[in-house]
Amino acid sequence: MARAGSPKGRRLHARAVARREAASQAVPDSCGVCVVGAGASGLCAALAAAREGAGAASVVCLEAGPRAGAPILATGNGRCNLSNADLSPERYNDPALAGAAMGPTPESDVLDLFGALGLAWDDEEGRIYPRSRAAGSVRSVLLQAVAASGAVVGTMRPVTAVEAADGGFRVGYEERFREDGGTGGWRRRTLFCRRLVWAAGGGSQDALRPLGVDVTPTSPVLCPVAVAPSFADALEGRRARGAVRLLRGGSPVWEGRGEVLFRSGALSGIVSLDLSRQAVPGDAVEVDLAPEASLDDVASLVGPRFRPHGADGLIDPAVAEVLAREASGSHDPAEAMASLVKALPFSVTGLAHPETAQVTRGGVAASAVDGSTLAVPSVPGLSVCGEALDVDGPCGGYNLAFAWLSGLRAGRCALSSLLLP
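The numbers in the sequence shown follow the working numbering, run straight up by one, and end at 621.
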């Protein structure tokens, strides 16, 4: 038997609390708008629909997990980088859809949303964080607003099937907190809704295929980049600030700056996560460990007679030691080391630790939705938002900003279409 204070005991207690809370949520058999997914985009969709309807139509949000808004808690290493001071559509893989979904003033729209909810925020070099630096603050103010709006949130209710019926949708789901005595499995329920907003996140879109929705394959992005065994192994655990260049066929195709974390067989750190959005196997990567210095500047530090520790004042001495060891066998060690400092080479083999990816690329295709409403014209009454769409951005609050704003747009437009005479 697990002790109350042990990790297992705490997990069992949390599970019991979640089941009791889920059982207490009164989810009706029908509603005006059903939102699938209670993450960042889903909660915003439910909030917008409930506020837009002002009681004229009921709103239900179904969440598979035990806690609504749980994905928010994991963002920004628990600090929740909720937006960015520059949300240019060009920062996204699909600028047209991102721009249409977020509107002309996305930066102020995100801040207005959370300011109205009572969240204080700070601008940290263009990255917007809650003043508390706690993702729980963002989740809490959003959940409070959703509850006050009248929307019903039902947790531990994974959706298992969706079908168009009677001018709306039948949404099948399981109650993962209540067993069916007859089958031994979970009790199954069906909810009928007039409008359906799909906000279940990346990898969930296959559930929409039976409706005829065009879905593109998903793949992880914003994760470490796998590289062939090389300097990354010798430098494992070391960090360096620099410029990262991606080359394809010898030509530069992307560049970013920031901190690189060298791991065994991989490059990590924020700039490397952004690199993962662009890199494919066979690409070459060069890390400039001293972008503010020229090749001649570095060469003068370590030569003309080779001085292995000459660059210790410019880069991490532990990194310099590895480079000096590599360069020492060259015809001109000083020149070789200077070249390594300015262009430390790697060969991309793929993505590393994809299970840690912050977002997925792919999902409902841009061609399948109307960017101005996020409705799916081929399936009347269906809208899609957030990570379920084939839209992704770099690190820095871009993906959360898209989730908030696309959720608001999808929820608002879904309710408006329902109330049209």
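Glycine is no exception: its CB is placed at the ideal position from the N, C-alpha and C atoms.
Cutoff 6 Å; reference residue i; Cβ partners in own chain excluding five residues on either side
i	result
Tyr292	Ala298, Val591 and Gly593
Ile272	Ala240, Ala335, Val338 and Arg339
Ser308	none
Ala320	Arg331
Arg395	Val233, Gly581, Ala614 and Leu618
Arg279	Tyr329 and Arg333
Ala603	Ala240, Ser241 and Gly586
Ser464	Asp433 and Glu436
Arg192	The structure shown has nothing for residue 192, since the chain only spans 201 to 621.
Leu452	Here residue 452 is Pro; the residue named in the question, Leu, does not match the sequence. Counting only Cβ-Cβ distances below 6 Å, and skipping sequence neighbours, we find Arg445.
Gly510	Leu501 and Val502
Phe506	Pro533 and Ala534
Gly350	Ala250
Leu622	Because residue 622 is not part of the residues shown, which for the chain are 201 to 621, the question remains open.
DSSP three-state assignment for residue i, whether helix, strand or coil
i	result
Ala281	Per the sequence shown, the amino acid found at residue 281 is Asn instead of Ala. Three-state result, Asn281: coil.
Asp516	coil
Glu455	strand
Gly586	helix
Tyr598	helix
Ser567	helix
Ala320	coil
Ala268	coil
Ser241	helix
Ala254	coil
Leu618	helix
Ser419	strand
Leu435	coil
Gly276	helix
Gly562	strand
Residue environment, residue i, which counts as buried when at least 16 other CB atoms sit within 10 Å
i	result
Arg477	buried
Gln344	exposed
Thr355	buried
Thr383	exposed
Leu620	exposed
Pro577	exposed
Pro481	exposed
Gly412	exposed
Pro306	buried
Ala226	exposed
Gly237	buried
Pro304	exposed
Ser283	buried
Asp496	exposed
Asn277	exposed
Val217	exposed
Ser494	exposed
Arg210	exposed
Pro228	exposed
Arg215	exposed
Pro417	exposed
Ser206	exposed
Arg409	exposed
Ser472	buried
Those residues which DSSP pairs with residue i across a bridge
i	result
Gly550	Ala426
Val233	Val259 and Arg395
Trp462	This sequence places Phe at residue 462; Trp is not what is there. Answer is Leu467.
Ala557	Answer is none; Ala557 lacks a bridge partner.
Ala575	Asp570 and Ser583
Ala440	Val460
Arg448	Ser451
7 Å CB neighbourhood of residue i in its chain, flanking five on each side removed
i	result
Pro545	Ala484 and Glu486
Val256	A small fix is needed here, since residue 256 is Ala in this sequence, not Val. Excluding positions up to five away in sequence, the list reads Leu619.
Ser389	With the sequence shown as reference, residue 389 is identified as Arg, and Ser is not the correct amino acid for it. The residues are Tyr373 and Glu375.
Asp323	Ala285
Leu557	Leu is not the amino acid found at residue 557; the sequence shown has Ala there. Excluding positions up to five away in sequence, the list reads Pro420, Val421, Leu422 and Cys423.
Ala364	Leu411 and Val579
Ala543	Glu486 and Asp488
Pro358	Ala264, Tyr373, Glu374 and Arg376
Same chain, Cβ closer than 8 Å to residue i, neighbours up to 5 away in sequence not counted
i	result
Ala440	Glu459, Val460, Phe462, Val487, Leu489, Ile515, Asp516 and Val519
Ser430	Pro545, Phe546 and Ser547
His553	Cys423, Pro424 and Ala466
Gly368	Phe392, Cys393, Arg394, Arg395, Leu396 and Gly581
Ala426	Gly465, Ala466, Val548, Thr549, Gly550, Leu551 and Ala552
Ala222	Pro266, Gly354, Thr355, Met356, Arg357, Glu375, Arg376 and Phe377
Gly469	Arg439, Gly458, Glu459, Val460 and Leu461
Minimum length 3: unbroken beta strand (DSSP E) runs contained in the region 334 to 388: Those beta strand (DSSP E) runs which fall completely within the region 334 to 388 and span 3+ residues are 352 to 354, 359 to 365 and 368 to 379.
Segments assigned alpha helix (DSSP H), at least 4 residues, entirely inside the region 470 to 545: List check, alpha helix (DSSP H) in window: 470 to 475, 495 to 502, 517 to 527 and 533 to 542.
What ranges does the beta strand (DSSP E) occupy inside the region 286 to 330, keeping only unbroken runs of at least 3 residues that lie completely in it? Within the region 286 to 330, the complete beta strand (DSSP E) runs of at least 3 residues fall at 321 to 324 and 327 to 330.
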